[in-house]
Every structure is written in structure tokens, then in C-alpha cells.
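First the structure, in the form of C-alpha cells, and then the observations on it.
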DNA sequence: CGTGCAGTTGAGCAAATTCAACGCTTGTGG
DNA sequence: CCACAAGCGTTGAATTTGCTCAACTGCACG
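Protein chains in written order, with our numbering: chain A, 1 to 193; chain B, 1 to 193.
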């Protein structure tokens with residue numbers, strides 16, 4: 001169960017306002033969910049790495065869009081089938097609830113992140129990504145500076161400046177612009193206070 | 001079912017880190033959930049008006065605390081009983097899921113709010129409160145400027161200045177500091193763009 | 001080679017914060 | 001009953017932070 005589907009980089013998986021017909025599991029690549037603001041800016045709500053589920057929503061209309069950050073493969077599930085299953089099967093209902101509650105927690109963490117200074121946001125972001133990535137200390141960011149900036153509510157310039165500053169402070173290394181090596185986790189944790 | 005309990009203004013209903021044993025329904029008064037940040041600042045995650053449910057959480061440990069903003073009465077429910085009920089009864093499970101998904105939506109809206117300018121945040125906040133209050137155009141804010149500021153991620157000074165500016169622009173009236181009358185909803189909506 | 005895109009860096013600017021003072025209301029004690 | 005302190009809200013001036021605009025680099029791709 002779950003039909004595989006492929007998307008090229010920057011392809012839209014679903015758009016804001018479309019009917020909520022499916023949910024998805026990332027097999028390969030990375031997905032972002034985001035929303036265009038009226039002033040043309042964009043807010044990225046979440047990133048989804050392989051293994052993670054996205055697209056669960058209460059309303060029948062998408063309030064965010066989902067796009068492939070890199071070429072990606074996802075499994076597609078029928079939303080109505082899930083809801084029916086949850087109605088009959090207590091365990092399935094529990095899974096669905098846990099999933100939603102988990103996303104709620106992530107949203108709340110994201111909320112706290114947006115309350116902080118630029119340095120704290122970037123440091124917290126790096127720690128979050130490191131937590132979710134296989135190798136604990138080296139991160140290969142799948143997303144562009146623009147994606148990072150829109151997730152953190154900053155400009156790409158501020159993200160870039162902050163990263164170089166963290167490198168100067170010997171907290172991280174930047175072998176390439178997409179690769180980050182955490183040199184001093186403790187000081188990052190401190191900066192993301 | 002549901003045991004009534006009273007709290008005086010500023011009393012703690014539950015604290016960060018405590019075991020998640022109950023959920024609550026507001027009968028009377030207003031409740032805030034919030035978190036203390038390491039730098040001493042505080043982030044208010046949500047306000048809960050009469051009729052609304054709060055305290056639903058995935059983890060066994062509270063990640064936020066809940067406090068009475070005004071003298072308040074709440075109904076207390078056993079969390080374990082709710083989870084058991086949801087396991088057996090598909091409808092109850094659905095209600096629990098809808099509740100959680102609803103809070104997720106609110107968190108996402110809050111997230112978007114924090115991406116905006118001070119004026120947009122205050123305008124959006126007023127519209128949100130007006131939506132949730134009985135009388136559509138006159139709002140009696142139950143919370144202090146500090147609460148509003150910590151909810152919007154601003155300082156009390158900025159909130160205060162922004163309100164007086166909205167009053168000067170004829171978008172609102174401020175008969176008293178806690179009472180706001182929406183004079184021009186359209187322009188508020190525009191400002192909260 | 002040139003073109004275009006992603007990322008970095010710099011200078012000036014705008015927005016919100018910090019710090020400080022002040023007014024108003026409320027509650028307390030002389 | 002008045003004096004005074006405390007809490008809340010507002011206002012002003014100076015400062016800081018992050019943004020805007022612009023130039024520049026490195027790299028991939030035709």
C-alpha cells in the first residue's frame with residue numbers, strides 16, 4: 001500500500017488551496033511545506049526528510065503547499081482510507097493522533113525558534129538538522145540559503161553572515177556552502193540559548 | 001465527568017516539566033500557555049477562552065506551563081481515561097484527533113504571525129481576538145500588555161506604540177487600555193496583510 | 001567563453017529594542 | 001482622609017539588530 005511517485009527538484013507536490021486528498025511518506029530526497037505571504041515573502045513551515053510523513057491536515061483544503069527541495073520519491077496514501085481505518089482500528093487512530101501531535105510539537109518548537117535572535121535561530125537550526133540527520137556531526141543541507149532563510153524568518157544575507165560568523169568563532173566549519181561540520185556543539189547550544 | 005477547579009489570577013494550573021496527567025476545559029476566565037526562555041524572556045504559545053480545551057499533549061512531560069490570566073474556573077479530565085476511551089471508541093478518537101489537528105493549525109497560524117511586522121502582528125492579533133469573542137467589534141482583552149507582547153514576540157512598548165498608532169489611523173478606538181473597539185476592520189485586515 | 005545562479009560581503013537604512021521618565025490607578029498604612 | 005508605594009501603561013531618545021540595495025566571487029552549463 002502506498003503508491004510511489006517521483007518529483008524533480010522544485011516540483012510542487014500539492015498546492016495551497018487544493019483539496020486534501022492524500023498524505024505522503026518521503027522515501028528519498030527532501031520536501032518543504034510553505035506558504036506565500038501577501039507581501040511576496042514566503043514562510044517555510046517544515047522540512048521533511050526520508051522516512052517522515054507529511055500532508056496530514058484537518059481541513060479539506062491545503063493551507064500550505066508542499067514542494068520537492070531535491071529530486072524526491074514519495075509514497076502516496078489516500079487520506080479517506082486512513083481516516084476510515086482510524087475509525088475502525090484503535091491502534092491506527094492512535095498512530096494518526098501521535099503523528100499529528102508530533103507535528104504540533106514541531107510547530108511549537110518552530111514558534112519558539114522564531115522568538116530568538118538571528119544567531120540563536122541559525123544555531124538552533126543547525127542543531128535540529130544534526131539531530132535528524134544520520135551522521136551526527138556533519139550535515140549536508142539539502143536546501144538552499146533561501147529555504148533556510150524562509151524557515152528561520154531571516155534574509156539570505158543574514159543567514160550567510162551568521163554562518164560565517166559561527167565559522168570565525170570556531171563553532172562550525174563550512175567545507176562547502178551546503179556542508180556544515182559542527183566543531184563545537186556546546187557553544188552552538190549556548191548560542192541557541 | 002470533569003471536576004471543576006478554581007484558580008486565582010496568575011495561579012499556575014500546571015508547570016513545565018510536570019507529568020501530563022490531565023486535560024482541561026475552560027469554564028470561566030482565560031488561560032495562557034507559555035514557556036520561559038533561557039534568557040529570561042517568555043513566549044506565550046496560546047490563549048484559551050471559555051469553552052476551549054487545553055492541556056492536550058503527546059509527551060508525558062509538560063513542555064509548556066499553563067496559568068490563569070484572570071480568576072478562572074476549569075473542568076479537569078483524566079488524560080489516561082481520554083486515551084483509553086479513544087482506543088475503544090472511534091468517534092472519541094476522531095474528536096481527540098480533530099482537537100489536536102485544530103491546535104496544530106493554530107500553532108501554524110501563530111507561526112505565520114511571527115513572520116510579520118509589528119503593525120501586522122498587532123492588527124492580526126486584534127482580528128483573531130475579535131473572531132473568538134462574543135461581541136464582534138468590541139474586545140475586552142483579558143490579558144495585560146505583557147501577555148500580548150509575549151504572544152506576539154514584541155516588547156510591551158512596541159505593542160503600546162502600535163496600538164496608539166492604530167488609534168491615530170482611526171482603525172481602532174481605545175476607551176480604556178484593556179478595551180478595544182474595531183472601527184475599521186477592512187484597514188486592519190489590510191495592515192495585517 | 002559568456003551567461004546565469006547561488007552564495008558572500010559591504011554600506012546605509014529602517015524597524016524594533018533598550019533605557020529612562022512620566023501619568024494614572026489601586027491598595028496600604030499612618 | 002491623605003500620603004505614598006507599587007503596578008500597569010504610555011511616551012521619548014538613543015541604540016542595536018537585521019534588512020535593503022548593490023557589488024562581487026565561484027561554479028556549472030551551454
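In this text, a Cβ means the ideal position worked out from N, Cα and C, and glycines have one as well.
Cα-Cα separation between residue i and residue j, rounded to whole angstroms
{"i": "residue 98/A", "j": "residue 87/A", "result": "15 Å"}
{"i": "residue 133/A", "j": "residue 101/B", "result": "27 Å"}
{"i": "residue 175/B", "j": "residue 130/B", "result": "16 Å"}
{"i": "residue 169/B", "j": "residue 185/B", "result": "12 Å"}
{"i": "residue 12/B", "j": "residue 69/A", "result": "43 Å"}
{"i": "residue 177/B", "j": "residue 139/B", "result": "11 Å"}
{"i": "residue 161/B", "j": "residue 119/B", "result": "10 Å"}
{"i": "residue 107/A", "j": "residue 165/B", "result": "31 Å"}
{"i": "residue 73/B", "j": "residue 7/B", "result": "6 Å"}
{"i": "residue 179/A", "j": "residue 143/A", "result": "11 Å"}
{"i": "residue 67/A", "j": "residue 47/A", "result": "10 Å"}
{"i": "residue 181/A", "j": "residue 1/A", "result": "38 Å"}
{"i": "residue 122/A", "j": "residue 24/A", "result": "28 Å"}
{"i": "residue 116/B", "j": "residue 109/B", "result": "11 Å"}
{"i": "residue 89/A", "j": "residue 83/A", "result": "10 Å"}
{"i": "residue 163/B", "j": "residue 128/B", "result": "15 Å"}
{"i": "residue 42/A", "j": "residue 40/B", "result": "30 Å"}
{"i": "residue 124/B", "j": "residue 158/B", "result": "15 Å"}
{"i": "residue 31/B", "j": "residue 53/B", "result": "10 Å"}
{"i": "residue 36/B", "j": "residue 5/A", "result": "43 Å"}
Close beta carbons around residue i, own chain, < 6 Å, minus the five adjacent residues each side
{"i": "residue 156/B", "result": "145, 146, 149"}
{"i": "residue 151/A", "result": "44"}
{"i": "residue 103/A", "result": "none"}
{"i": "residue 85/A", "result": "92"}
Presumed contact (8 Å Cβ cut-off) between residue i and residue j, rounded CB distance
{"i": "residue 193/B", "j": "residue 38/A", "result": "4 Å"}
{"i": "residue 34/A", "j": "residue 63/A", "result": "11 Å between Cβ atoms; not a contact."}
{"i": "residue 71/A", "j": "residue 136/A", "result": "About 25 Å separates the two Cβ atoms, so there is no contact after all."}
CB contact flag (residue i, residue j, <8 Å)
{"i": "residue 153/B", "j": "residue 114/B", "result": "yes"}
{"i": "residue 141/B", "j": "residue 171/B", "result": "no"}
{"i": "residue 199/A", "j": "residue 93/B", "result": "What the structure shows of chain A is the stretch from 1 to 193, and residue 199/A is not part of that stretch, so it cannot be assessed."}
{"i": "residue 51/A", "j": "residue 26/A", "result": "yes"}
{"i": "residue 58/B", "j": "residue 126/B", "result": "no"}
{"i": "residue 112/B", "j": "residue 3/B", "result": "no"}
Same chain, Cβ closer than 7 Å to residue i, five either side skipped, listed in chain order
{"i": "residue 15/B", "result": "62, 65"}
{"i": "residue 10/B", "result": "67, 68"}
{"i": "residue 79/A", "result": "20, 21, 22, 23"}
{"i": "residue 49/A", "result": "26, 30, 132"}
{"i": "residue 17/B", "result": "61, 62"}
8 Å CB neighbourhood of residue i in its chain, flanking five on each side removed
{"i": "residue 60/B", "result": "19, 20"}
{"i": "residue 173/A", "result": "167, 180, 181, 183"}
{"i": "residue 91/A", "result": "none"}
Which residues, in chain order, does the stretch 101–112 of chain A contribute to contact with chain B at a C-beta distance below 8 Å? 101, 102, 103, 104, 105, 107, 108, 110, 111, 112
Of all the residues that make up the stretch 69–82 of chain B, which are near chain A by a beta-carbon distance shorter than 9 Å? none
Can you list, in chain order, the residues of the stretch 33–54 of chain B whose Cβ is nearer than 8 Å to any Cβ on chain A? 35, 37, 38, 39, 41, 43, 45
For the stretch 114–129 of chain A, list every residue whose C-beta sits within 8 Å of some C-beta in chain B, in sequence order. 114, 115, 116
Taking Cβ-Cβ distances below 8 Å as the criterion, which residues of the stretch 9–27 of chain B are in contact with chain A? none
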